[in-house]
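Asks: Chains as they are written, first to last, in this note's numbering: chain F, 140 to 429; chain Z, 5 to 336.
In this text, a Cβ means the ideal position worked out from N, Cα and C, and glycines have one as well.
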Amino acid sequence: MQALVIVAHGSHLNPDSAAPTYAHADTIRETGVFDVVQTGFWKEEPSLREVLRTVGTEEVYVVPLFISEGYFTEQVIPRELRLEGWDVSAWDSDGLSATTATLPAADTGQTIHYCGPVGTHPAMTDVIIQRAETVTGDPEIGPGMGLAVVGHGTERNANSAKAIEYHAQRIRDRDRFDEVQALYMDEEPEVDDVTEFFESEEVVVVPLFIADGFHTQEDIPEDMGLTDDYREGYPVPASVDGHRIYYSGAVGTEPLMAEVILERAADAGADVGTARAEVTAAAGAAARGD
Amino acid sequence: MLETPETEVVTDHLDAAALTEVAPWVQNWWYWQTECGVHAPAGRRYLRMLERAETMTVPERMEALRSGIATAWGQLTVTASANGEGRRRYTVRHTDDADASGLEPLATPEDARALATFDAQGRYRPLKSAPSLRRGWTFTEITARRLVGVIGYLYPASIPNWDREQADALDVTHWRPTAERQTGIYGIIEELDATAVEQVAATCCVDEECLKRREWEYDAETPLAVDGGTGAFPCREPCSLVVAAGRKWTTLEREATETYEIELTPAEAAQLSAVIDAVADGTAADIREADVGEGANRYRVRYLREKRFDADDQLQMRPKRGLVRRLVRRFT
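Have a look at this one:
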């Protein structure tokens, strides 16, 4: 018996925050490879404190639906899950390379395989590209286009920017897009000036965020000049300073994210059978609008 | 040989009468062994509670299950029933819809998740145990496995916490250790003293606001006087909403009090209380448009604003300070 618990931030104010977490959990549940697929949240219910007891299996794979290694993945989640003896050194990570650590949960005695966040997994690169395909409606997207990967960024934690730069570099290395840039909300280079960083007339902008909310639907569209008032929405593509901007909204809503969650669990030793292929095929069909 | 837990040997040879007599036990065994589909011990104990397995004999239960056994769980009425072969099914409705007809049929746990997300006015429900579950739906004769899933979305973790409590093993975390555990922006809630925490519990954790029964106190030695409520399932520690609101109150409580001077008629003074009550109880929207007898009536409040607000759109009042304090304030 193995269970998958997807943990995410959640929100007291915005129901969209948990929506991708639920959607990916449903996708994985459908494959039937886990006896139980559960979701737990910092701000919603079941809480991180109580989610493990809702899962009646001895073996639990916990995958954080977070973008980078940092405060939540290193402190808050292990503390709230009561992972006994947790120390960040258990991940032996350079800020991008956490895979898993196996620890007992103090209150339930379960064996917890605590995985690195989805955002730093190599498979996330494919999700960013698929997100670009989805928003442009072009499965061959790349030639003649620029791609901006946008992160929150924070001066407080270098890992936040590392994850963004990591994927930007991997996409660059594929020589698929004419230009690839990593941009940030809260640090330089800033997404506000997106058009200054691209020569390409057409630019796809993919924010590396888990859920749509205040940042991805209000701040970034207004900061980039896609709209004067977020409440009126923004066109896709939008014309800004002679560029055509395809803004995709949060990458975390892309159905292919479910595959990254499975990758994380598989890397930690979960038996995921053929689920990855099933999920990838379904996500591809969704991206093509089938 | 055929015997049951409640009789000695029924018979030592098989005949129709003997088989009929033991049938309820056989059906019961068959259901729980092969049909139930819920394997987690807490879930199975919850299902047994729903049919009063601890207090009724098997034949009594089978008889009662034919007409249905109802249990209240938050705002839910969960009715367990069984067909002639002992196969259990469960019907879940809003308690206020017990006898309603024309209800929207729901089927899956994911239906329950969607149901739990918004209240009847379409507002997001951040607290699943708030008494704001909308009405008008029914899960009719669903399996045990689905029932446990439905309850898991409508009242998350209520089954395992109830189960732990039944075994005298509920791991309560009081306010103090909860506050001490916090880091980041919530680290400051440690500043709230027992009096303020009393007010927090009275504000957030009473039955009108949350259907969980508060079992946590200020700390193990310092109980809170406010009633923890009568809920069927326990609240084992301050939830994230209480912690987040606690952070706000921590910053507000840092301000020292001042004495204010404000000019009001006695009726206007009473009106302020009426407005606070109506907002705090969530009844402001229920006051009829033309019911100007109510202090919190919109026209009454608009009139008060016209009369008593200053050019800065604030209530005309000023801190009452001694001459020295006023001078100090003016020249610093």
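Can you say whether Phe211 of chain F is buried or exposed, counting buried as having 16 or more other CB atoms within 10 angstroms of its CB?
Replies: Per the 10 Å Cβ criterion, buried.
Asks: With 8 Å as the C-beta to C-beta threshold (strictly closer), list the residues of the stretch 179-193 of chain Z near chain F in chain order.
Replies: Answer set for the stretch 179-193 of chain Z: Arg185, Thr187, Gly188.
Asks: One question on the structure: do Leu401 of chain F and Arg415 of chain F come within less than 8 Å of each other, judged by their Cβ atoms?
Replies: A contact, by the Cβ cut-off of 8 Å.
Asks: Pull out every residue of the stretch 214-226 of chain F whose Cβ sits closer than 8 Å to any Cβ of chain Z, in chain order.
Replies: Answer set for the stretch 214-226 of chain F: Gln214, Val215, Arg218.
Asks: Can you tell me the Cβ-Cβ gap for Ala278 of chain Z and Glu298 of chain Z, rounded? I've got them flagged as a contact below 8 Å.
Replies: Rounded, the Cβ-Cβ distance is 7 Å, consistent with contact.
Asks: Determine the burial state of Pro164 of chain Z: buried for a count of at least 16 other Cβ atoms within 10 Å of its Cβ, exposed for fewer.
Replies: It is buried - the Cβ of Pro164 of chain Z has at least 16 other Cβ atoms within 10 Å.
Asks: Between Ala307 of chain F and Ala321 of chain F, is the Cβ-Cβ spacing less than 8 Å?
Replies: For Ala307 of chain F and Ala321 of chain F, yes; Cβs fall inside 8 Å.
Asks: For the alpha helix (DSSP H) holding Met66 of chain Z, just list the boundary residues, first then last.
Replies: Note, Met66 of chain Z: alpha helix (DSSP H), 62-71.
Asks: Could you tell me which residues DSSP pairs with Asp223 of chain Z in its beta bridges?
Replies: The partner list for Asp223 of chain Z (beta bridge, DSSP) reads Z:Thr226.
Asks: With C-beta atoms as the reference, is Val375 of chain F less than 8 Å away from Val274 of chain F?
Replies: Result yes, Cβ atoms of Val375 of chain F and Val274 of chain F sit closer than 8 Å.
Asks: Using CA coordinates, which residue listed in F:Ala407, F:Asp351, F:Val176 is at the minimum distance from Asn153 of chain F?
Replies: Checked all of F:Ala407, F:Asp351, F:Val176; the closest Cα to Asn153 of chain F is F:Asp351.
Asks: Cβ atoms of Ala147 of chain F and Asp174 of chain F: under 8 Å apart, would you say?
Replies: Taking 8 Å as the Cβ cut-off, Asp174 of chain F and Ala147 of chain F do not qualify as a contacting pair.
Asks: With distances taken from CA atoms, which of Z:Ala300, Z:Gly286, Z:Leu256 is nearest Ala273 of chain Z?
Replies: If we check each option's Cα against that of Ala273 of chain Z, Z:Ala300 comes out closest.
Asks: Does the distance from the CB of Arg93 of chain Z to the CB of Thr38 of chain Z come in under 8 Å?
Replies: No, Cβ-Cβ distance for Arg93 of chain Z and Thr38 of chain Z is not below 8 Å.
Asks: Mind pulling the alpha helix (DSSP H) runs of 4 or more residues that sit fully within the stretch 212-295 of chain F?
Replies: With a minimum length of 4 residues, the continuous alpha helix (DSSP H) runs that stay inside the stretch 212-295 of chain F are 216-220, 263-275.
Asks: With a floor of 3 residues, list each beta strand (DSSP E) that falls wholly inside the stretch 140-164 of chain F, ordered by position along the chain.
Replies: Here the runs fully enclosed are 141-147.
Asks: Let's test the definition: count the other Cβ atoms within 10 Å of the Cβ of Met324 of chain F and tell me whether it reaches 16, buried, or not, exposed.
Replies: It is buried - the Cβ of Met324 of chain F has at least 16 other Cβ atoms within 10 Å.
Asks: Is it true that the CB of Thr239 of chain F sits closer than 8 Å to the CB of Asp368 of chain F?
Replies: Cβ atoms of Asp368 of chain F and Thr239 of chain F: not closer than 8 Å.
Asks: With the cut-off set at 8 Å, would you say Ser133 of chain Z and Leu245 of chain Z are in Cβ contact?
Replies: Not closer than 8 Å, so no.
Asks: Once the 5 residues before and after Glu195 of chain Z are set aside, which same chain residues still bring their CB inside 6 Å of it?
Replies: Here the set comprises Thr254.
Asks: By the criterion of Cβ-Cβ separation under 9 Å, what are the contact partners of Gly156 of chain Z in chain F?
Replies: Near Gly156 of chain Z (Cβ distances below 9 Å), the residues of chain F are Gln177, Pro185, Thr193.
Asks: Going by C-alpha distance, which of Z:Leu54, Z:Glu310, Z:Arg49 is nearest Ala171 of chain Z?
Replies: When each option's Cα is compared against that of Ala171 of chain Z, the closest is Z:Arg49.
Asks: Quick check on DSSP: helix, strand or coil for Trp181 of chain F?
Replies: Trp181 of chain F: coil per DSSP, three-state reduction.
Asks: Please confirm whether Glu169 of chain Z has its beta-carbon closer than 8 Å to some beta-carbon of chain F.
Replies: With 8 Å as the cut-off, Glu169 of chain Z does not count as an interface residue toward chain F.
Asks: Taking the beta carbon of Val144 of chain F as the centre, do at least 16 other beta carbons fall within 10 Å, making it buried, or is it exposed?
Replies: Buried, by the Cβ-count rule.
Asks: With distances taken from CA atoms, which of F:Gly283, F:Cys254, F:Ile384, F:Arg295 is nearest Asp331 of chain F?
Replies: Comparing Cα-Cα distances from Asp331 of chain F to each of F:Gly283, F:Cys254, F:Ile384, F:Arg295, the minimum goes to F:Ile384.
Asks: For a contact defined as C-beta to C-beta under 8 Å, what are the partners of Pro151 of chain F on chain Z?
Replies: One detail in the question is off: residue 151 of chain F reads as His in this sequence, not Pro. Here the neighbours are Pro130, Ser244, Leu245, Ala248.
Asks: Rounded C-beta distance between Thr83 of chain Z and Ala74 of chain Z? I'm assuming under 8 Å.
Replies: Yes, Thr83 of chain Z and Ala74 of chain Z are in contact; Cβ-Cβ is about 5 Å, under 8 Å.
Asks: Is the shortest distance between the beta-carbon of Tyr200 of chain F and the beta-carbons of chain Z less than 8 Å?
Replies: No, no contact with chain Z.
Asks: Which of the three DSSP states is assigned to Val328 of chain Z in this structure?
Replies: Correct three-state label for Val328 of chain Z: helix.
Asks: Is there a Cβ of chain Z sitting closer than 8 Å to that of Arg188 of chain F, yes or no?
Replies: Judged by the 8 Å Cβ criterion, Arg188 of chain F is in contact with chain Z.
Asks: Taking its Cβ as the centre, do 16 or more other Cβ atoms sit within 10 Å of His163 of chain F, making it buried, or is it exposed?
Replies: When all chains shown are included, His163 of chain F counts as buried.
Asks: Short check: CB of Phe180 of chain F to CB of Pro256 of chain F, under 8 Å?
Replies: Cβ atoms of Phe180 of chain F and Pro256 of chain F: not closer than 8 Å.
Asks: Can you look up Cys209 of chain Z in the DSSP assignment and give me helix, strand or coil?
Replies: Coil.
Asks: Taking all protein chains shown into account, decide if Asn32 of chain Z is buried (16 or more other Cβ within 10 angstroms of its Cβ) or exposed.
Replies: Buried is the call here.
Asks: Please decide whether Lys301 of chain F counts as near chain Z, where near means a Cβ-Cβ distance under 8 Å.
Replies: It does not; no Cβ of chain Z falls within 8 Å.
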